[in-house]
Every structure is written in C-alpha cells, then in structure tokens.
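Asks: Sharing a structure, written as structure tokens. Questions coming.
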Amino acid sequence: MPVGLLALGTYVPSKVLTNEDLASFLDTSDEWITSRTGIKERRIAEINEFAYDLAVKAVEGLLARHGEEALEGVDQVVVATNAPDAFFPNTAALVQNHFGLNAAAYDLLAGCPGWLYALAQATGQVQMGLARKVLVIGAEVLSKITDWRDRSTAVLFGDGAGAAIVGPVPEGFGFRSFVLGADGSGGGALHMGALASSLPGGVRTGRTIYMNGREVFKFAVRVMDTATVEAIEKAGLKKEDISLFVPHQANLRIVDAARARLGLDWERVIVNLHKYGNTSTASIPIALKEALEAGKVHSGDHLLFVSFGAGLTWAAAVHTWYEA
Ligand code: COA
123 MPVGLLALGT
133 YVPSKVLTNE
143 DLASFLDTSD
153 EWITSRTGIK
163 ERRIAEINEF
173 AYDLAVKAVE
183 GLLARHGEEA
193 LEGVDQVVVA
203 TNAPDAFFPN
213 TAALVQNHFG
223 LNAAAYDLLA
233 GCPGWLYALA
243 QATGQVQMGL
253 ARKVLVIGAE
263 VLSKITDWRD
273 RSTAVLFGDG
283 AGAAIVGPVP
293 EGFGFRSFVL
303 GADGSGGGAL
313 HMGALASSLP
323 GGVRTGRTIY
333 MNGREVFKFA
343 VRVMDTATVE
353 AIEKAGLKKE
363 DISLFVPHQA
373 NLRIVDAARA
383 RLGLDWERVI
393 VNLHKYGNTS
403 TASIPIALKE
413 ALEAGKVHSG
423 DHLLFVSFGA
433 GLTWAAAVHT
443 WYEA
C-alpha cells in the first residue's frame, strides 16, 4: 500500500536572535557565522515555551491549512525531539491528550534525523495495518540545552516545530525509499548527558550540547552523499529525476557539498537556514512547508530528504508528492 505525507504544519517562535545579538555577548561576529555556516538569525522559544507547546502550535497550523478533519483516523502520535519536556510522560502523549485523540503515543530520540526516522516508522506501521494514520512531529527547544557561553555551538541552533500526517496515498505517490543508519562510535562528537556521568568510550557528559564541529562536519558531508545516492537508487530513480532536494538545515557549506555531489542547481534545493539556524528534527518540515508555500512542489514531484546528527545517525528518503 502506498503511504505518504497528507498534510503539513509548522511553527517557529516569534523571538528572533540575530548574529549581531550573539556578538553582543559572545566573542563572535556576523561575518564569522555567515561565512562558516550561512546562518543569519534563529528563533528562540519563550521562557515558558517547551517542545510540547511548539508541537501543539505546529499541529494547529496543520489544522488551519487542512481542516479539523485532517486528524480523523490518526491512531498514533510520534514526537521526534532532542529536548523533550520530560523523560516521562512522553511529549507525544501530551499532544495526544491536547487534541483528544484516540491514539498511541511515543517520543523518538535519534538526533536531527528523528523526524525522518519517525516517518519511516509511521510508513511501516500504516503499511502493516498497525495504524491508519500517524501524526509525526519534530519539535525542538534547543535554546534551552545550549551553553550560551560556548561560541562553537551557541551560534548554530534554533527552536521550531513541524507536524505531518502520514497515511495511505494513491498508487504512484508517497514514500519510495528510506535509508536509516547509525554509527555509535562517533557518539562523543555530539552529545548531551542525562543520567550516566560518562558513556562508552569515556565520553563525559554535561547538561548542555557538546559538539566537535570539525568531526561532525566531515561525517555530515560523507553521509549526506552516501545516504542520498542510496535513497535515490532504492527508489528506482536517477539523480536527474529529483525535483526538489530538502536537506537538513545545519550548515550551508554542508548543503552545498551534497548539492554539488548530486549535480543539482540551487533552483532545486530548499535553503532557509539563514532564517532559523539548525532546528534539528524540525528543520526538514519547516523547509518543506516553505517550499510548498513558494509553489515549488507539485503533484508527482520526487522530493529527496536527508539528515544527519547526534548518535551519530543519518536518514534519507524519497517521496513522490501527492496533492489531493
Ligand atoms: N565565532 C568566531 N570564531 C569561532 C566561533 C564563533 N562562533 N566558533 C569557533 N570559532 C573559532 C574556533 O575557536 C577556531 O579558532 P582557532 O583556529 O583559533 O582554534 C576557528 O574558529 C575555526 O574553528 P573550526 O571549528 O575549525 O571552524 P569550522 O570551519 O570547522 O566551522 C563549524 C565550525 C561548527 C561551523 C563547522 O565545523 C560545522 O558546521 N560543523 C558541523 C556542525 C553541525 O552541523 N552540527 C549539527 C549536527 S546536527
């Protein structure tokens, strides 16, 4: 049974933090951040705004666009996040309760590719008959786990959320392939602690994001290339069949490397990281929504998604767009 994206909604907090704002309290500059990352500004959640709040607003955005009936038949809710409100109850259960859904609920923790991982799980569950429709959300308040004294990470991340409904689509549409992967040997390059004071390999953990930028950069360029090529092949397509490339919005140089390897011109790549920074699991839905609003996505278009992140993990997918 073909399964794909049926509806999409997003939310970003209204508070904007520019590179100039950062330079007022960190030893950094707009010139450094722009040339190394492409990021100009990012959104920051209010002090009392958490992943659950952003997730609810993203779903409200989806309902405003597609109507209340979009939630009919949703019997699972998944929230992919790296900054949940609590260990438990899971953030998805809070969302399930908010919208009064008769649905199972779980959070998914897989670094920035979490939203793509969750789409893969949802697609499999619908194909197996374990769910009719799944509400798949990526919601992040990374500003709350950022060390604001660390210029090497504080300039990169932002807050936001994206929500999609996954369900049956007509023949010829929907997800054509998924590629999911992990290499835990690189876990020390990007981590934040919880209970254990150290991790295998002697990684010491703290309560804010730690990152070895150079190591993550090399890893990202490598897996963006291999995962996209594999996803296109698994979909039975060629690079030139890709209508739109929607990559994880982490760094313009990483996106450019992947774009060049795929032989795509910029017209076929969505980039909005200059406005939002890296919103982790929310980055692809926020970018996709912008592409839709800009009229860059049409029924039958083959979309290519790819992401990488903490774990280290990666994921890619090809989706043939269906417009009802
Ligand atoms: N402003 C000014 N200087 C900074 C800085 C900042 N915000 N952050 C780091 N620097 C300095 C470093 O201290 C270093 O100084 P040194 O040469 O005196 O030691 C210098 O800039 C170069 O640092 P380096 O880490 O080599 O820069 P880079 O070109 O690798 O760019 C990143 C750094 C973080 C932008 C880049 O490595 C990156 O994007 N990595 C991937 C990160 C990512 O995507 N993470 C999310 C995964 S989901």
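For the sequence shown, my numbering gives the first residue as 123, with consecutive numbering after it. Backbone N, C-alpha and C define an ideal beta-carbon position, used for all residues, glycine too.
Ignoring anything shorter than 3 residues or poking outside the stretch 273-341, list the beta strand (DSSP E) runs there in chain order.
Replies: Whole beta strand (DSSP E) segments, 3+ residues: 282-290, 296-304.
Asks: Apart from the five residues on each side of it in sequence, which residues of its chain come closer than 8 angstroms, Cβ to Cβ, to ARG390?
Replies: Correct list, in chain order: ILE364, SER365, LEU366, PHE367.
Asks: Among TYR444, GLU445, PHE430, which one has its Cα closest to the Cα of LEU231?
Replies: Taking only the C-alpha atoms, the option nearest LEU231 is PHE430.
Asks: Hey, could you find the ends of the alpha helix (DSSP H) THR156 is sitting in?
Replies: Its alpha helix (DSSP H) spans residues 152-159.
Asks: Quick check on the burial criterion: 16 or more other C-beta atoms within 10 angstroms. Buried or exposed for ASP305?
Replies: Exposed is the call here.
Asks: So, helix, strand or coil for GLN371, using DSSP?
Replies: In this structure, GLN371 counts as coil in the three-state DSSP scheme.
Asks: For the beta strand (DSSP E) containing GLU163, list its first residue and its last residue.
Replies: Where GLU163 is concerned, the enclosing beta strand (DSSP E) stretches over 163-166.
Asks: Go ahead and label SER319 buried or exposed: buried means 16 or more other beta carbons lie within 10 angstroms of its beta carbon, across all protein chains shown.
Replies: Classification of SER319: exposed, given that the 10 Å Cβ count is below 16.
Asks: Suppose you measure from the CA of SER421 to the CA of THR442; what does that come to, to the nearest Å?
Replies: Whole-angstrom Cα-Cα distance: 8 angstroms.
Asks: Decide if PRO407 is buried, meaning its Cβ has at least 16 other Cβ atoms within 10 Å, or exposed.
Replies: Per the 10 Å Cβ criterion, buried.
Asks: Pick out whichever of GLU182, ASN224, ASP423 has its Cα sitting closest to the Cα of GLY296.
Replies: The candidate whose alpha carbon is nearest that of GLY296 is ASP423.
Asks: Could you give the first and the last residue of the continuous alpha helix (DSSP H) run that contains LEU144?
Replies: 141-145 is the span of the alpha helix (DSSP H), which, as asked, contains LEU144.
Asks: Which residue comes first and which comes last in the beta strand (DSSP E) that contains THR132?
Replies: Segment 125-133, the beta strand (DSSP E) holding THR132.
Asks: Compute the distance between the beta-carbons of GLY280 and GLY260, then report whether it is under 8 angstroms.
Replies: For GLY280 and GLY260, no; Cβs fall outside 8 angstroms.
Asks: PRO235: which of ILE354, ASP269, ALA439 sits nearest, CA to CA?
Replies: Looking at the Cα atoms, ALA439 is the closest of the given residues.
Asks: What is the DSSP secondary structure of GLU389, reduced to helix, strand or coil?
Replies: The answer is helix: DSSP assigns GLU389 an H, G or I state.
Asks: Mind checking PHE360: buried by the 16 CB within 10 Å criterion, or exposed?
Replies: Per the sequence presented here, residue 360 reads as Lys, with Phe not at that position. Flag for LYS360 reads exposed.
Asks: Taking just the CA atoms, how far does VAL181 sit from THR140?
Replies: Those two C-alpha atoms are separated by around 27 angstroms.
Asks: Do you know how far the Cα of ALA242 is from the Cα of ARG344?
Replies: If you take the alpha carbons of ARG344 and ALA242, they lie about 22 angstroms apart.
Asks: Residues in the same chain with beta-carbon distance under 8 angstroms from ARG329, minus the five sequence neighbours each way, listed in chain order, please.
Replies: So the list reads ILE267, MET314, GLY315, once near-sequence residues are dropped.
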